[in-house]
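Below is one structure, written out as structure tokens, with a few remarks after it.
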Amino acid sequence: MTSPIYDPRADLEGPGPATGVVTTRLAKRKRKLPPVFVMVPMLIMILFLFFGIFGQWVSPYDYTDQDLANRFAPPGTPGHIFGTDHLGRDILSGLIGGARITLIIGFVVLVFGVVLGVGVGVVSGFVGGRFDAFMMRIIDIWLAFPFLILAIALVAALGGGLDKLIIALVLVAWVVFARPIRGEALSLREREYVLSARALGVSRTKIVVKHLLPNLLPSILVLSSLELGAIILMEASLSFLGLGVTGGEATWGGMLSDGRAYIGSSWWLATIPGIAIFALVMSVNVIGEWFRDVFDPRNSSRAQVKQEIALP
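For the sequence shown, position 70 (counting from the first letter as 1) is numbered 58 according to this note's numbering, and the numbering increases by one without interruption.
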């Protein structure tokens, strides 16, 4: 058996490249930018956000203005890119105005739903006991009803108007956050750093703020991005049924409802608002799925396995 030949140049050249380190750096660089299939939904989302924020300045017409002499103008008509409806109103102006209403309702409901749902979930999971049992029974009852049916009942009970619609959707959305966050809070309260903090006499409020909430942020972000699409779709459904925003405001669901009677002769009245709803909800859901993949612990495990395999 021959002994290995010693090469003095190896000491001068230093150790070879650490394959695992290189692989990890490349993986981090790839994670800085989202993949192409996420970039397109992000651009669509940015476009709708632009219309929602600056819509009143970029809208070509006031959606309430009617031009009965120019009813049912098809897409591509000069001055009306997406055509006009049965009252001569500009479809593009309606889409821009509807984007503002949709995004206002979506984000306001999301913020209040997160605050209420996360608050209930954290307190229920961390405190436990009778309060936890009571809140879980409330959530079980709430989840027994289809969300759309529950929203219809709440809107009918509260009445019309933007504020009442937001309240109804918040009362539907909060349970989506409460149950998963409660489960994670139950797990986190048994961690060593939480038990150590409690043994040292740290108050419950400080433990929740400093230890629980930072560890819950990834889950909250993923749930929020996924729930936003459901809120937008629910608002469009209520508007389609005539239970949405009143007062002549443009809503995508309302435009879709108005155009369904003319779908055979003037397809663009219902098709274009439907495409807008589909594009926004799809974009939000794809971004939410990407967030879930980024923050999924199993992805970190796979990355760790790949790193270990790549090591010499």
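Backbone N, C-alpha and C define an ideal beta-carbon position, used for all residues, glycine too.
For clarity, every value in this text was computed on a predicted model and none was experimentally measured.
Which residues in the same chain have their Cβ closer than 6 Å to the Cβ of residue i, if we skip the five residues on either side of it in sequence?
i      : result
Val301 : Examination of residue 301 is not possible in this model, given that the chain is present from -11 through 300 alone.
Ala185 : Ile195
Arg167 : Ile127
Phe42  : none
Leu257 : Asp73, Gly247 and Tyr250
Gly86  : Ala238, Thr239 and Trp240
Ile69  : Leu80
Gly189 : none
Hey, residue i and residue j are a contact pair by Cβ (cut 8 Å); roughly how many whole angstroms apart?
i      : j      : result
Ala144 : Val160 : That belief does not hold up - the Cβ atoms of Ala144 and Val160 are roughly 13 Å apart, past 8 Å.
Met30  : Pro23  : About 11 Å; that fails the 8 Å criterion.
Trp278 : Val26  : 5 Å
Leu91  : Phe36  : 7 Å
Gly105 : Trp162 : 4 Å
Leaving out five residues on either side along the sequence, give the residues of the same chain with a beta carbon under 7 Å from the beta carbon of residue i.
i      : result
Val10  : With a pLDDT of 40 at Val10, under the threshold of 50, the modelled position of this residue cannot be trusted; read the value that follows with caution. If we look at Val10 and ignore the five residues flanking it on each side, it has no Cβ neighbours.
Ser212 : Leu98 and Val102
Tyr49  : Asp78 and Ser81
Val96  : Ile154
Gly71  : Ala61, Pro62, Pro63, Thr65, Ile79 and Trp256
Ser47  : Ser81, Ile84 and Gly85
Leu146 : Lys152, Ile155 and Ala156
Ala267 : Ile32
Met123 : Val108 and Ser112
Which residues share a DSSP beta bridge with residue i?
i     : result
Thr72 : Asp78
Thr65 : His68
Measure the Cβ-Cβ separation of residue i and residue j and say whether it is below 8 Å.
i      : j      : result
Leu244 : Gly232 : no
Glu180 : Ile89  : no
Pro202 : Phe283 : no
Ser271 : Ile32  : yes
Gly113 : Arg170 : yes
Gly217 : Val158 : no
Leu136 : Met222 : yes
Gly40  : Gln54  : no
Ile265 : Ala224 : yes
Gly148 : Thr52  : no
Ser253 : Gly242 : no
Val197 : Gly276 : no
Quick check on the DSSP output: the alpha helix (DSSP H) that includes residue i runs from which residue to which?
i      : result
Tyr181 : Glu180 to Ala187
Phe60  : Careful: Phe60 lies outside any alpha helix (DSSP H) and carries neither H nor E.
Leu261 : Note that residue 261 is Pro in the sequence shown, not Leu. From DSSP, the alpha helix (DSSP H) with Pro261 extends over Trp256 to Phe283.
Asp151 : Leu150 to Leu176
Glu237 : Where Glu237 is concerned, there is no enclosing alpha helix (DSSP H), given that its DSSP letter is neither H nor E.
Ile251 : Ile251 -> no alpha helix (DSSP H), and no H or E assigned at all.
Val26  : Val24 to Val46
Ser225 : Leu201 to Phe228
Leu146 : Phe135 to Leu146
Ser231 : It should be noted that the sequence gives Leu, not Ser, for residue 231. Neither: Leu231 is in no alpha helix (DSSP H) and is coded neither H nor E.
Gly117 : Gly117 to Leu131
Lys194 : Arg192 to Ile195
Whose C-beta lies closer than 8 Å to the C-beta of residue i among residues of the same chain, with five residues either side of it excluded?
i      : result
Gly2   : Here Gly2 scores only 46 on pLDDT, less than 50, and its place in the model should not be relied on; the value that follows carries that caveat. The answer is none, since no qualifying residue turns up.
Leu200 : Val110, Phe114, Ala173, Leu176, Arg177 and Val182
Arg59  : Thr72, Asp73, His74, Leu75 and Gly76
Phe119 : Val111 and Ser112
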